[in-house]
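Heads up: the sequence shown begins at 1 in UniProt numbering, then just goes up one per residue. Here's the structure, in structure tokens; my notes come after.
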Amino acid sequence: MEKRRKVANPLALAVLAELLMEPLHPYEMGRRLKEHGRDRNIKYTRGSLYMVVEQLEKAGFVTEHDTIRDTQRPERTLYRLTDEGRDELYDWMRDLVADPRHEYPHFGVALSLLAVLPPEESAGLLNRRLVALTDERDRLRAAVQAAAEAGVLWVFLVDDEYRIATLDTEHRFVTGLIASIQQPDYVRAWQEFFGRQI
């Protein structure tokens, strides 16, 4: 069973990880999340980032470290990780890495209801999906190769490698699904069942 966390937003986990290295201002956290490519896996806005930092502070996982004033920018508060925050980071990471969980992807919802679409339309839409999957997979492969050639350590590319493997698997699945949808037996069964509903 999944643990109930004081702050359960995945953005909070990324903030805790960024603060593991050094105290930071939320703006700098956001800049680093983008720089490290974590914004591909974690959706956030500047406002949501500040809100998560506030929630982490209330939970006792981060605390104010220092306030910086300089003439060009407004006052900035740096936050640091507390001992409780470090424990939460490691516990949460251990949970996520070790325990599989169902994540309710949108495509899974669409697949569970796919029979409502006519077979020809389904096949056309799935072919569009194949093109998009191929484009994303090729783009990611090129980015990973460029990063590896630039000397980026493999562990910093593992999330992209995982996404590539997921895209490869989905591509094979969708290709097979299109073939199944186009089978005359399925088309006939769909017309008998849903043809009257249209």
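We put the CB at the ideal spot given by N, CA and C, even for glycine. Note that the structure is predicted; figures quoted are calculated from it, not measured.
Please give me, in chain order, every unbroken run of the beta strand (DSSP E) with length at least 3 that falls completely inside the stretch 158-196.
Counting only runs of 3 or more, we get nothing.
Quick test of the definition: if touching needs 3 or more C-beta pairs under 8 Å, does the stretch 16-29 touch the stretch 41-58?
Output reads yes: the stretch 41-58 touches the stretch 16-29.
On a Cα-Cα basis, can you pick out the residue from D185, F173 and R40 that is closest to L126?
Mapped onto the sequence shown, residue 126 falls at position 126. Answer by Cα proximity: F173.
Per the contact definition of three or more C-beta pairs closer than 8 Å, is the stretch 78-90 in contact with the stretch 11-26?
With a cut-off of 8 Å, the stretch 78-90 and the stretch 11-26 count as touching, because enough Cβ pairs lie within range.
8 Å Cβ shell around R101 - same chain, five flanking residues per side excluded
Position 101 of the sequence shown, counted from the start, is the residue given in the question as residue 101. E2, listed in sequence order.
If you count every other CB in all the chains shown that lies within 10 Å of the CB of V109, and 16 or more means buried, which is it?
For the purposes of this step, residue 109 is taken as the residue at position 109 of the sequence shown. Burial call: exposed.
Tell me the rounded alpha-carbon separation between L130 and Y162.
Here residue 130 refers to the residue found at position 130 of the sequence shown. Here residue 162 refers to the residue found at position 162 of the sequence shown. Distance from the CA of L130 to the CA of Y162, rounded to the nearest whole angstrom, comes to 18 Å.
Three or more C-beta pairs closer than 8 Å, one from the stretch 4-17 and one from the stretch 58-69: is that the case here?
Pairwise C-beta distances place the stretch 4-17 in contact with the stretch 58-69, as three or more of them are shorter than 8 Å.
Going by DSSP in three states, Y27 sits in which element: helix, strand or coil?
Position 27 of the sequence shown, counted from the first residue, corresponds to residue 27. It is helical.
For the beta strand (DSSP E) that L16 lies in, which residues bound it at each end?
Residue mapping note: residue 16 aligns to position 16 of the sequence shown, counting from 1. No beta strand (DSSP E) holds L16; the alpha helix (DSSP H) holding it covers P10 to L19.
Could you pull out every unbroken alpha helix (DSSP H) segment of at least 4 residues lying fully inside the stretch 91-139, listed in chain order?
Look at the stretch 91-139 and you find these whole runs of alpha helix (DSSP H), each 4 residues long or longer: 106-112.
Kindly identify the DSSP beta-bridge partner or partners of I68.
Taking the first residue of the sequence shown as position 1, residue 68 is located at position 68. The secondary-structure analysis by DSSP pairs I68 across a beta bridge with R76.
Mind checking which residues open and close the alpha helix (DSSP H) that includes R46?
Against the sequence shown, residue 46 aligns to sequence position 46. That run of the alpha helix (DSSP H) goes R46 to K58.
Less than 8 Å between the C-beta atoms of S122 and I181, yes or no?
Taking the sequence shown and counting its residues from 1, one reaches residue 122 at position 122. Taking the sequence shown and counting its residues from 1, one reaches residue 181 at position 181. For the pair S122 and I181, the CB atoms are nearer than the 8 Å cut-off.
Using CA coordinates, which residue listed in I178, V116 and Q183 is at the minimum distance from G195?
Position 195 of the sequence shown, counting from 1, holds the residue named residue 195. The closest CA to that of G195, considering only I178, V116 and Q183, is found on V116.
If you drop the 5 nearest sequence neighbours on each side, which residues of the same chain put their C-beta closer than 7 Å to that of H65?
Residue mapping note: residue 65 aligns to position 65 of the sequence shown, counting from 1. So the list reads P23, L78, Y79 and R80, once near-sequence residues are dropped.
Cβ distance (whole Å) where L133 is taken to contact H171 below 8 Å:
As a first step, residue 133 is located in the sequence shown; it is residue number 133 there, counting from the start. As a first step, residue 171 is located in the sequence shown; it is residue number 171 there, counting from the start. That pair is a contact at about 5 Å.
Rounded to whole angstroms, what's the CA-CA distance from A150 to R139? Just pull it up for me.
The count along the sequence shown starts at 1 and reaches residue 150 at position 150. The count along the sequence shown starts at 1 and reaches residue 139 at position 139. Roughly 17 Å between the two C-alpha positions.
Nearest by alpha-carbon distance to L86: which of E57, E75, V155 and S112 is it?
Along the sequence shown, one-based indexing puts residue 86 at 86. A small correction: the amino acid at residue 86 is Arg; Leu does not occupy that position in the sequence shown. Closest option to R86, judged by alpha-carbon separation, among E57, E75, V155 and S112: E57.
How many Å lie between G176 and T169 at the Cα?
Taking the first residue of the sequence shown as 1, we reach residue 176 at position 176. Taking the first residue of the sequence shown as 1, we reach residue 169 at position 169. Straight-line Cα distance between these residues: approximately 11 Å.
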